[in-house]
Structure formats: C-alpha cells, structure tokens
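So the sequence lines, in the order shown, correspond to chains G and F. The opening residue of the first sequence carries number 5 in our numbering; numbering runs sequentially from there. The opening residue of the second sequence carries number 13 in our numbering; numbering runs sequentially from there. No residue lacks a Cβ here, since even glycine has one placed at the ideal position from N, Cα and C.
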Amino acid sequence: MFLTITTTGTPDRPATDLGFLLHKHPEKAQAFSTSHGRAHVFYPEASAERCTAALLLEVDPVALVRRGKGKGRGGAPDAALAQYVNDRPYAASSLLAVALSAVFKSALNRSCAARPELVDRSLPLRVEVPVLPARGGAALVQKLFGPLGWTVTAEPVALDEQFPEWGDSRYVRLVLEGEAQLAEALRQLYVLLPVLDDTKHYWVAPDEVDKLLRVGEGWLADHPEQRLIVDRYLAGRRSLAREANERLELARLADADDVAVEELDNAVDEDADTEEKPVPLAVQRRDAILAALHASGAHRVLDLGCGQGQLVQALLKDVTFTEVVGVDVSMRALTVASRRLGLERMGERQAARVTLLQGSLAYTDKRLKGYDAAVLSEVIEHVDLERLPAVEYAVFGSARPGAVLVTTPNVEYNVRWETLPAGHTRHGDHRFEWNREEFRAWAHAVAERHGYDVEFTPVGPDDPEVGPPTQMAVFTLRTSNENSNESGNENSTANSTANPKGAKAA
Amino acid sequence: MSTVSDSAAAAAAASRELAVTDLSLVVLVGASGSGKSSFARRHFKPTEVISSDFCRGLVSDDENDQGASRDAFDVLHYIAGKRLAAGRLTVVDATNVQQESRKQLVQLARQHDVLPIAIVLDVPEEVCAQRNAARADRADMPRRVVQRHTRELRRSLKHLEREGFRKVHVLRGVDEVENAVIRLEKRYNDLSHLTGPFDIIGDIHGCRSELDTLLGKLGYVDGAHPEGRTAVFVGDLVDRGPDSPGVLRRVMSMVKSGNALCVPGNHENKFGRHLKGRNVQHTHGLAETIAQMDAESEEFRAEVREFIDGLVSHYVLDEGKLVVCHAGLPEKYHGRTSGRVRSHALYGDTTGETDEFGLPVRYPWAEEYRGRAAVVYGHTPVPNATWLNNTICLDTGVVFGGKMTALRWPERELVDVPAEQVWYEPAKPLATEAPGGHEGRPLDLADVYGRRSVETRTVGRVTVREENAAAALEVMSRFAVDPRLLPYLPPTMAPTATSRVDGYLEHPAEAFAQYAADGVERVVCEEKHMGSRAVALVCRDEEAARERFGVEGVTGSLCTRTGRPFFDDHAVTEEVLRRVRAAVSEAGLWAELDTNWLLLDAELLPWSLKAGGLLRSQYAAVGAAAGAVFPGALAALEAASARGVDTGDLLERQRERAADAEAFTQAYRRYCWSTEGLDGVRLAPFQILAVQGRSLAGLGHDEQLAYLDRMVEHDTAGLLQTTRRLYVDTGDPASVQAGVDWWLEMTGRGGEGMVVKPARALARDGKGRLVQPGIKCRGREYLRIIYGPEYTRPDNLERLRSRSLGHKRSLAIREYGLGLEALDRLADGEPLWRVHEAVFAVLALESEPVDPRL
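Below, the structure written as structure tokens:
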C-alpha cells in the first residue's frame with residue numbers, strides 16, 4: 005500500500021521536476037478516491053537535489069470483504085474468497101497497481117501538459133516498495149526487473165522475529181535504482197506488481213489483454229520472462245471464476261479446520277496436466293493398461309480414481325470398450341474430466357458409453373457391481389495404509405469385477421529421478437510408495453483373500469537394478485468350481501418345499 | 013393350506029366366512045356386472061382396492077374405453093406393486109376371467125413375496141346382463157361380452173390353485189356374494205404380539221448334553237423358565253452330533269408346552285424329506301441322525317415328521333423389533349410368505365461362486381442389511397457371535413468343538429457353554445470372524461451419499477444437501493481417520509448476539525440475557541482455550557480397542573474437527589493417548605465409569621501446532637506486511653509534515669493503524685509457541701462425550717468438569733490442562749456482573765474468551781425446544797484474528813455489527829443434534845453405518861454456506 009519514487013537533480017535540472025511529471029504538486033498532500041480506498045500522494049522531501057513522491061493507499065478491509073456480500077445465505081460473505089485478515093491494506097499488491105494507474109494516469113500515458121519535454125528524459129530514479137508480495141521470491145524479482153536495466157535490491161521480510169523457525173514471508177523489500185523514463189518505470193510497476201503478487205485480481209476487466217499490450221509497449225516484447233508475465237497477469241480471471249463455482253464447500257471445510265483450502269482441495273494439480281514430469285511414462289502406463297484390458301477380454305470397464313479422465317478418454321477411443329465408467333471422489337477432478345471429454349457436446353451414442361460418477365472406495369458401492377474389469381491406476385498410494393483394507397474390500401469383495409488392474413509407483417526407481425530429492429515421494433499426496441516386494445506381497449494376499457489370480461507387469465523401462473518406474477498387477481477372478489454337487493441354490497423356486505440341496509454344507 | 017369352497021356346504025351356511033391373509037394380493041374374479049366393485053367396497057378400505065375401470069379412466073378419461081386396457085393394466089400393476097412393496101393388503105378389482113391376466117397378478121404377488129388369493133364371484137349371466145343394462149355407461153355393452161366372461165370364468169375355476177393362488181374362495185350366486193364375510197388372518201410368521209422376553213439359541217446339531225447345560229445356565233427348569241421366558245431355536249437341531257433324537261424330544265416338548273418357538277434349519281428340512289421317504293443323500297451328518305433314529309419308535313418318528321412339517325420359516329417377534337430365522341433374512345423378506353423367502357431363511361443366499369473347498373460362497377447379506385429389526389440367525393459357524401449391522405449369527409460351532417450360544421432378548425446378552433468335545437470334524441476351518449465383522453465394513457456409499465435425511469432423537473429430521481454430502485465424501489474418504497475410530501465430530505457453535513457496547517463486537521452480557529430469555533437460570537462460563545478442536549478416543553488398551561471398535565494395533569484416535577488425524581505420525585498419537593490413559597487410570601475413572609474407553613471433546617494447544625500453515629500464509633504474513641510497511645510510511649509522513657506540508661489527519665490515522673497492526677501481531681502470538689515432539693503440547697478436555705454403553709452428553713457440566721479435574725490432577729506428564737470456569741445465575745445482576753468481570757479480566761490478559769453453557773446439559777426453552785448448547789463470547793483482542801487488525805476502528809465496528817446469526821444458530825443446533833445422535837447410537841451399540849451416518853452428516857453440514865467469522 006506504499007511506495008516511494010525518488011529522483012535526484014541539479015540546479016538546472018531540479019529533482020522537483022518530478023512533480024510536473026507526476027502532475028502532483030510537491031508542496032501539497034493530495035487524496036484521491038479509488039475503487040478500493042483512498043490514495044494519498046505527498047512528498048516527504050522536495051528539493052532541487054532530491055525529491056521523493058510517496059503513494060499511500062488506504063485500503064478498506066471491511067469493504068473488501070463485504071464486496072462479496074449477498075453470495076452466501078443471509079447475506080454473509082462467502083468463505084475463503086475474502087478474508088478480513090488480509091494483507092491487502094499493507095502490501096503493494098495489484099490494488100496498489102490500480103491506484104498507481106489512477107493517480108498517475110497522465111504520467112503513465114506519457115503526457116505532461118506543463119513540461120512536455122520532460123517526458124522523454126531519463127532520470128536517475130530510486131523506487132522503493134517496502135512490502136512487495138512476491139511469489140517466486142527475491143530471485144524472480146531480480147529476473148523481472150533486472151533485464152529492464154534496474155539495479156535490484158530485494159530483501160526478504162521475516163514472518164515473525166519471535167518465531168525465526170517460521171522463516172521468511174512471501175514479501176520482499178524492493179529497491180530499484182537506475183536511469184529511466186518515469187513513464188516507463190510506472191508502466192513496469194503497473195504490470196509487474198500484480199504479476200509478482202499473483203493472487204486473484206479484484207479488478208477484472210474484459211480488455212485486460214489490450215491494456216497489457218498498451219502498457220507493455222517497448223519493454224515487454226523482448227523481456228526474457230515475457231511468457232510468465234503474460235500468463236500470470238491474465239491468470240487471475242480464470243481462477244477466480246473457477247473458484248467461485250467449484251470449491252466453496254471444500255473451502256468451508258478447510259476453513260472450519262484452520263487449514264488452507266489447498267491442503268484439502270488438492271486432487272487436481274492445475275499446473276501439471278499429467279501426473280509427473282516425463283509424460284511418456286503416463287502414456288506408457290495407459291498403453292500397458294489398454295493392453296491388459298484387451299487381454300482380459302473386458303468390454304465394460306470401471307476407471308476407479310479416474311482423476312482428470314485421461315484414461316477414460318483413451319478407453320472411449322477404442323470401440324472394444326462398450327461401457328466406461330469413471331469414478332472419482334473429487335468433484336473438481338470430475339468437472340475437469342467432463343470438460344476434457346466434452347461430455348455436454350458429445351453425441352448420444354458416444355455419451356451412452358461413458359458415465360462419470362462421484363464415488364469413494366472407502367465405501368462399498370452397488371453401482372460398481374457387475375463390470376468386466378476395474379482399473380486403479382495410481383490410486384492406492386493416495387490412500388492411508390490403514391484404510392487400504394476398506395478399499396480392497398470395496399473393489400475385490402463388493403464390486404468384484406472379472407479383472408482388476410492396479411498400478412502404483414515402484415519406490416526403488418525413485419533414485420533414477422534426477423529431480424526427486426532422496427526420500428521424497430513423487431507426489432505430495434502419496435501416503436506411501438512401495439517397492440516391488442511390498443507391492444507383490446500385498447497383491448498376493450489380496451488375490452488369496454478374494455479368489456483372484458494375479459500377475460505382474462513392469463511399466464516403463466525395466467531397470468535391471470531397481471525395476472520399472474511403475475509396477476502393475478493384473479488380477480483375474482478365478483472362475484467358479486462347477487464340480488461341486490452341493491452348489492446351485494435354487495432360490496427362485498416358488499415351491500414351498502424348497503430344494504434341500506442347499507448352499508450350506510456346514 | 014388352501015381352501016377350495018365346497019359349493020354344497022357353502023350353500024347351507026347363511027354367511028360364508030372368507031379367510032384372507034393380512035398381507036396378500038386379493039384378486040377378484042367375475043364377469044362384468046357380477047358385483048365385484050360393490051363387494052370390494054363392502055369389505056375393504058377404498059385405498060386397498062384398485063379397479064381396472066378406475067385405471068382406464070386415469071389414462072384415457074373414459075372408464076369403459078377398452079382400447080386403453082393395456083395402459084390401464086400397466087398402471088394397475090404399478091400401483092399394486094408399490095402397495096405390496098410397502099407391505100399393504102391390496103385388492104384387484106378387474107374381471108380377471110382370463111388366465112393370462114391372472115398369471116400376471118400371481119407373478120406380481122410372488123415378486124413381492126405375498127400370497128395371491130382369489131375370490132370368485134360366480135353370478136348367473138342374466139343377473140350380470142341386467143345390471144349392466146341398468147347402468148348408463150354400460151347400457152350398450154353387447155350381451156356376448158358377459159357371455160364370454162361367464163364362459164371363461166367357468167373354464168378357469170378348477171385351475172385357480174394350480175395357477176398359484178394359495179387360497180381360493182368361490183362364491184356362487186347372488187346370495188352368497190351378498191352374505192359373505194371377510195376374516196383377516198395373521199401370517200403364520202407374524203408373532204409380533206409376543207414380546208418375550210426370549211432366549212434365542214443357536215445351532216445345536218444333536219449336542220443334547222450341551223443344550224441341557226445351556227438351558228440350565230439360562231435358568232430353565234424342565235423345559236420351562238420360572239420367569240416365563242420363551243426359548244427360540246434357530247434350527248439345525250439335528251445331524252452330526254451324538255443325540256439328535258434327544259434334542260428333538262426336548263425342543264418338541266418345549267414347543268408343545270408353549271415354552272419355546274422353533275424355526276427350521278436346512279438340516280431339519282432335509283431330515284424331514286428323508287422321513288417322508290424322499291431320496292436324499294445321507295451326507296453332512298444325516299447318516300448319524302438316521303442311525304440314532306433307528307432306535308426310536310415309529311410313533312416318535314411320526315411326531316418328528318409332523319413337527320418338522322409344521323415349522324414356519326421365520327418369525328417376526330416383539331412388535332417387529334426381532335426377526336429369527338435359520339440362515340438370516342434381508343429386510344424385504346421379513347414377514348413375507350413365498351418360496352424364496354423360505355429358501356433364504358433356510359439356506360441363505362450364495363454368490364454362485366465356490367471356495368477352495370468346493371463349497372458355495374455365501375452372499376454377505378448381513379453386510380448390506382440396513383433394517384431396524386434385529387435379525388438373529390445361525391447356519392454359518394463362527395468362533396464368536398458378534399453383531400453386524402443389527403444382525404447376529406449364533407452358530408458358534410458346538411458340534412465342531414466350539415460352543416453353544418444363546419442371546420437374551422431384549423437384554424442382548426450372550427450366554428454360552430463350551431462343547432464337551434469335538435463331535436464332528438469340520439469340512440473347513442471355522443471362519444475367523446463373522447462376515448465383515450473384523451474390518452468393521454462395510455460402510456456403503458448409499459449410507460451417506462446424496463441428499464439425505466437423518467432422523468435424530470433430539471432435533472428431529474436433519475437434511476443434508478447433495479453438494480454438502482459431496483464435499484464431505486471427499487474429505488471423509490481422503491483425509492479422515494478410519495470411520496470406526498471416528499464416532500463423533502464436534503458441532504459448530506454460535507457466537508453471542510452482537511454487542512452494542514462501545515468498542516465491543518461481542519460481550520457476555522448478551523449471552524447471559526439470551527439464556528435468561530430461554531429460561532435457563534444457571535449457566536457455566538468455561539474458559540475458551542485458543543487451540544484446535546480435538547476429539548480423542550482413548551481406549552484402555554489395544555484389546556479394548558479391538559473389542560469395541562474392531563481395530564488392530566492402536567488404542568484410539570485423535571482427530572481434528574473434520575476427522576483428520578492430528579498428527580501424521582501414529583507414534584505421536586499413541587503417546588498422547590498413553591498420557592491421557594495414564595491420567596484416567598490414576599484417577600480411577602475406568603472403574604468408576606465402568607468402561608474401558610472414553611471419548612473426549614477437547615482443545616489441543618498451541619494453535620500453531622495444527623494451524624501452522626495458515627499462520628504462516630495468512631496471520632503472520634499480514635503481521636509481517638504491516639510491520640514492514642508502517643515504519644517507512646510513518647517516517648515519510650513525518651518528514652512531509654516537518655517541512656510544512658499539510659497532511660491533515662493522515663499521519664495520526666496511520667499511527668493508529670500501525671498500533672492496530674501491532675496489537676494484531678500480539679494477539680496471534682499469544683496462541684503460538686514452539687513445541688518439540690510433545691513438549692509444549694497441551695490437551696484441555698472439556699467434556700467426556702461417551703463411555704461404554706452410555707452417552708454422557710446429558711451429564712451436567714459440573715459433574716463433567718469434576719471428572720475432568722480429577723484427570724488433570726492425576727496427569728503427571730504435563731499434557732492435560734484444566735478448564736477454568738465460573739457459574740452464573742442469569743437472573744441475578746450481581747452474578748451476571750461477576751461473569752462479565754471475569755470475562756473482561758481473562759480476555760484482558762489475552763485470553764480467547766469463554767463459552768457460556770447451560771449448567772444442566774440438554775436444556776430446553778419454554779416451548780420445549782433445545783436451546784443453544786453453548787454460546788461463545790470472544791475477547792476483544794482475540795477478534796482481531798477474525799475480523800482483521802483494524803476492526804476496532806469505530807467506523808469498521810459499526811459496519812461489522814450488521815452480521816446475521818440466524819443461519820449459524822440453526823446450524824449449531826442441527827449439528828449438535830446430529831452429534832448427540834451419533835453418541836446415542838454408539839451407546840446403543842448400533843451398527844457402524846448408523847453412527848457413521850450421523851457423523852458424516854455433521855461434516856457435510858460444516859460445508860454449508862455460513863459466515864466463517866461467526
């Protein structure tokens with residue numbers, strides 16, 4: 005909410021020219037209304053040698069929250085979208101950028117009625133932003149401002165000196181020093197403050213792209229981080245709309261439990277479309293699954309834990325599979341999957357082959373009975389070990405498909421991932437990762453308990469030392485033993501003297 | 013079973029009495045004009061009768077439009093099906109003279125496992141024709157229609173029984189039709205008027221000596237109980253064991269004298285067929301019975317044959333609360349009568365698969381059972397009788413060297429005697445557990461998913477909306493602890509009404525006033541510990557946890573308010589439980605509360621332990637931002653003022669804001685401290701929710717706190733923390749003032765605030781409605797964490813005062829009711845799914861849209 009711009013001068017080029025450029029008189033303190041509070045401009049110092057303009061934005065935190073009023077029942081503002089405990093009143097966020105553009109509009113537009121010749125003049129400038137929220141930290145700040153010719157000082161701000169173990173906050177104290185045209189400097193701040201802030205914008209307008217092109221003229225096109233700048237600048241719109249629609253219930257549960265919503269609503273990784281970096285592995289896994297399904301002769305298939313629907317999509321492209329049911333516990337994942345598959349626009353005949361259901365393998369589910377095969381691809385490792393027996397029962401005991409395919413990471417292979425620090429799991433939500441022996445022991449026990457045969461297939465390069473990156477177990481239901489003459493309980497008989505060749509031998 | 017009326021005998025009687033089973037499908041058969049509709053009107057309730065004419069009208073606006081018949085009968089069958097499914101006597105008023113139409117109705121009856129009964133109105137053709145002619149809407153009906161009806165009816169008469177009608181009543185002539193009387197009969201299996209008490213005895217298999225011992229242990233003397241109890245045998249009296257005739261003799265005499273009931277097992281059924289001379293395989297221990305019977309008289313053999321023949325497949329007892337049968341019975345078959353019901357009752361259901369011993373795999377019907385009646389059965393030998401979803405199998409394999417088990421009803425106590433020896437080698441080892449028992453499974457998605465209503469004892473029906481259930485499903489499935497270890501989730505709590513006192517948003521005066529208005533005279537103010545809500549299930553040892561909650565290798569759980577484990581590391585959880593357990597033991601509470609587990613509602617401190625992530629990303633971040641920005645901003649303003657620039661009140665205001673921000677930082681810091689392992693961690697229990705067999709939610713808070721104080725006193729590990737409290741009389745201004753002062757003092761020192769609760773739990777207002785179980789009054793400084801650093805600025809406070817509490821209060825009551833319900837169900841030993849249903853609903857309601865700052 006605060007920044008200062010300082011320039012130095014000489015008697016023939018006095019620093020107070022800054023006042024002309026900003027179109028704000030150095031001897032006055034002025035206040036302006038902006039959409040999020042009052043912006044004040046004043047000059048702590050104003051001499052020919054040195055002149056500093058300060059912009060202070062008083063954000064109204066209550067109004068910020070109440071803006072959302074009417075969304076919830078009883079006119080209550082909805083959870084998590086807006087917090088009274090908010091850094092907006094203190095940090096140089098996108099709100100400050102908006103104020104900057106409103107208060108210094110003419111400067112930003114390179115106009116200076118009184119002294120037009122000043123506009124093109126490069127000045128020795130020092131911009132100080134004491135609290136700049138910077139996702140990406142000081143390093144990114146450097147990367148964004150450095151290429152523009154600034155000498156950058158970016159010092160992290162500690163979270164709380166009483167709790168040094170908490171480390172640094174996401175804020176840096178930023179000082180930019182260098183020679184630049186004032187308008188250029190203002191334009192860069194206008195774009196890069198929200199880019200570094202990288203939270204949702206409160207100022208979404210349909211013409212953001214045009215505005216960005218206009219303000220970025222002359223410096224953005226050649227910026228080495230152009231892609232990141234554009235993405236982040238425009239990202240807020242999309243995610244704001246999405247959040248409003250999809251995560252409110254979960255957000256409230258997170259709120260009730262004093263945790264960040266991201267801790268609960270993490271089923272879909274928005275940044276990475278697929279599960280992990282070498283995409284070929286995901287493809288190899290799908291190919292292996294398709295091959296195993298073909299070998300099993302399955303036509304009606306369950307994808308349990310379908311996530312964003314990549315496998316469902318692949319199955320639909322194969323006419324062997326007459327019915328594909330994708331099940332996931334995450335509504336967000338199902339929404340993404342539905343969008344991916346284009347369910348709403350799909351023709352009737354195709355649509356009749358596919359169903360997406362919210363479901364949970366922690367519970368038995370009658371809807372899942374009677375299928376030829378079920379796939380649990382990269383699913384079991386997301387279940388706490390002590391709750392795995394319930395999942396096992398729901399799949400092998402209750403749904404009881406003819407074949408079950410289970411894939412899971414082989415933890416032995418983790419040493420082959422260069423980017424994975426030792427001892428880390430491949431995904432933050434993995435509750436465990438098994439080596440080949442552990443997986444096989446589990447699979448054999450499951451098969452034994454539920455009357456399946458099991459075989460194992462490596463997926464991905466089968467390293468002689470550590471095995472493949474992904475391990476797959478293919479379970480096949482043992483066919484009934486028909487030779488028993490005690491079987492065949494004729495329940496449907498309406499005869500009152502029922503067939504005594506009953507099911508029971510005990 | 014069936015009665016064909018003899019026309020000669022019937023003509024003699026002035027009024028025929030027609031027996032009709034109270035749950036059956038009554039099919040009237042008669043030509044157009046034979047008087048079926050008036051007959052139905054005379055003898056049945058209007059809603060019990062569905063007429064084809066009426067259905068024709070429904071689909072075509074014309075009751076006589078024969079072209080609409082097909083659709084009309086679809087509707088008729090649909091309505092009849094719905095009624096039968098709901099267990100209601102249904103009468104079909106249509107001509108039904110063609111075999112084809114009757115066949116569909118017989119099928120419908122079988123589909124719903126009820127008896128089809130035919131009542132034939134055989135009225136002379138002329139009479140029918142005359143009646144039709146007299147009716148305007150049928151005046152132009154051709155004579156040949158009635159002729160055809162009569163012809164078809166005559167042809168049908170002798171086939172009716174073969175078609176499947178279990179009773180056939182034929183009324184001949186107008187007089188008989190006019191004078192007939194309907195007599196409703198109970199079903200044979202409906203003994204719901206008998207309330208016992210009962211002693212239900214599991215499979216016996218010829219173990220005569222053990223049976224006598226068990227009967228003696230149950231208090232029977234010579235086959236009768238001095239207190240008038242009734243024995244109920246679940247069948248399989250015979251085969252394999254040493255003395256099947258002796259067992260039969262004992263049971264038959266007890267049944268005959270009215271001291272016992274008996275349902276047939278599959279072994280009786282097979283033995284009965286043998287006695288009737290049918291060719292059956294002498295396997296599974298039948299050979300032994302046959303050999304033993306050789307020594308018996310022909311007379312006894314005949315008695316046994318008759319006894320077995322007369323056994324009814326299952327009984328519904330004790331006002332419908334108890335169902336006894338041999339192999340178990342799903343709810344839709346209770347009190348029904350059909351071949352497949354009998355078959356299921358005797359043999360159970362199978363999946364069609366066979367196991368490694370070549371034996372058929374039984375369908376786990378009990379896992380899916382959701383009925384309210386307890387089903388007590390035998391058939392499948394298990395080592396121990398255990399309840400699963402309100403069903404229990406009493407076959408504990410006495411003949412295989414196990415034991416013989418009885419269940420006392422309604423006490424639900426198990427009584428058993430060990431086998432005197434292994435009488436027969438089992439074909440396969442006894443299953444280690446009742447199906448599903450060990451895993452505590454299965455919870456079925458249908459128990460929790462979608463829009464549902466949960467019936468509660470205290471607040472009536474609570475509805476959960478679909479989107480809220482969906483969110484709860486995700487959290488429950490992905491993050492929560494094992495549902496067996498999650499018998500409760502804490503309800504949300506409403507804050508006090510908004511205060512008008514200068515500088516305050518919340519103030520206890522409103523809370524006291526609200527309770528006074530609700531008629532609650534004495535309240536307790538309990539210190540609010542600013543930490544994280546925790547529910548602790550503490551078992552005395554692993555054995556106790558296994559026995560009551562069916563879990564292995566843990567002694568309880570410690571969960572957050574959304575059911576997530578507090579600590580990722582099991583060892584840490586166990587250590588917390590160990591320390592609590594030690595305190596409970598030292599305080600002698602296990603014996604005093606007659607339990608080996610406790611469920612505690614508590615607060616775990618410090619707040620920073622669980623909320624660390626949020627603290628860093630939000631609270632401390634805001635503090636850090638404020639702390640870093642103000643020095644520079646204030647210095648700049650001071651510099652501007654110093655050189656004469658008029659900055660108005662801006663500087664002063666920024667100084668105040670800086671002070672507010674500093675106060676905010678101080679506020680959250682009070683609830684944070686560093687912990688190392690469990691060092692520095694505190695648990696402040698404020699309620700014992702439940703112990704074995706009892707919910708303690710209704711226990712007054714002074715008693716509750718007395719127990720808890722003793723726990724804290726006996727804690728040597730420094731884990732437990734006491735909850736300070738003050739009692740206030742809401743009608744006494746001095747007492748109220750003392751409460752306010754106490755709060756001011758406590759919050760002045762940085763306390764979070766307090767919760768005001770009716771001293772007697774479960775208080776109700778003048779209208780009998782449950783009042784809020786607690787009202788929180790949060791401290792002025794603490795609220796900075798909720799409403800932001802600057803909320804105390806007068807203009808902010810004024811705006812914040814317009815907050816609406818209605819939804820929060822309603823939510824608090826509904827969640828409270830669900831929590832109580834979960835505890836009651838737990839106390840009553842109800843099935844896991846019933847407890848989980850209520851717990852899940854609490855979680856779902858927590859995702860309702862309500863101002864999170866309340």
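Inter-residue CB distance, residue i and residue j (contact presumed, cutoff 8 Å)
i	j	result
F:Y680	F:P618	11 Å between Cβ atoms; not a contact.
G:P462	G:Q475	7 Å
F:T362	F:R374	6 Å
F:D202	F:Y345	Actually they do not touch by this definition, with Cβ atoms about 13 Å apart.
F:F561	F:L610	Contact doesn't hold; Cβ gap of about 13 Å is too wide.
F:D248	F:H391	7 Å
Three-state class that DSSP yields for residue i in the structure shown
i	result
F:E6	A question about residue 6 of chain F goes unanswered here, because the residues of chain F that appear run from 13 up to 866.
F:H819	helix
F:P376	coil
F:G449	Low confidence applies to F:G449: its pLDDT is 45, below 50, so where it sits in the model is not reliable, and the reading given next is rough at best. Coil, per DSSP.
F:T759	helix
F:L866	coil
G:K32	coil
G:W170	helix
F:C537	strand
F:R573	coil
G:P48	strand
G:Q87	coil
G:E486	Any reading at G:E486 needs caution, since the residue's pLDDT is 40, under 50, leaving its predicted position unreliable; the model's value is listed next. Note: G:E486 maps to coil in three-state DSSP.
G:F24	helix
F:G765	strand
F:L646	helix
G:E442	helix
F:L497	helix
G:A248	Confidence at G:A248 is low in this model, with a pLDDT of 42, below 50, so the placement of that residue is unreliable and no value is reported for it.
Cβ neighbour criterion (16 or more within 10 Å) applied to residue i
i	result
F:L717	buried
G:S126	exposed
F:P454	buried
F:Y90	exposed
F:V193	exposed
F:T728	exposed
F:V104	buried
F:H279	buried
Q.
With three or more C-beta pairs closer than 8 Å as the rule, is the segment 824-839 of chain F touching the segment 520-528 of chain F?
A. no
Q | Three or more C-beta pairs below 8 Å linking the segment 650-665 of chain F and the segment 25-42 of chain G | A | yes
Q | Those runs of the alpha helix (DSSP H) which lie wholly inside the segment 822-859 of chain F and span at least 4 residues | A | 844-857
Q) Is it a yes or a no for the segment 233-241 of chain F touching the segment 274-288 of chain F, going by three-plus beta-carbon pairs under 8 Å? A) no
Q) What runs of the alpha helix (DSSP H), each 4 residues or longer, lie entirely inside the segment 205-271 of chain F? A) 220-229 and 256-268
Q.
Which complete beta strand (DSSP E) runs does the segment 305-351 of chain F hold, if anything under 3 residues is left out?
A. 326-329 and 334-337
(Q) Restricting to runs no shorter than 4 residues, where is the alpha helix (DSSP H) found entirely within the segment 181-238 of chain G? (A) 186-201 and 212-219
Q) Looking at C-beta atoms only, is the number of pairs between the segment 116-125 of chain G and the segment 624-631 of chain F that lie closer than 8 Å three or more? A) no
Q: Please go through the segment 450-485 of chain G and give each complete beta strand (DSSP E) segment of 3 or more residues, from N-terminal end onward.
A: 456-463 and 474-481
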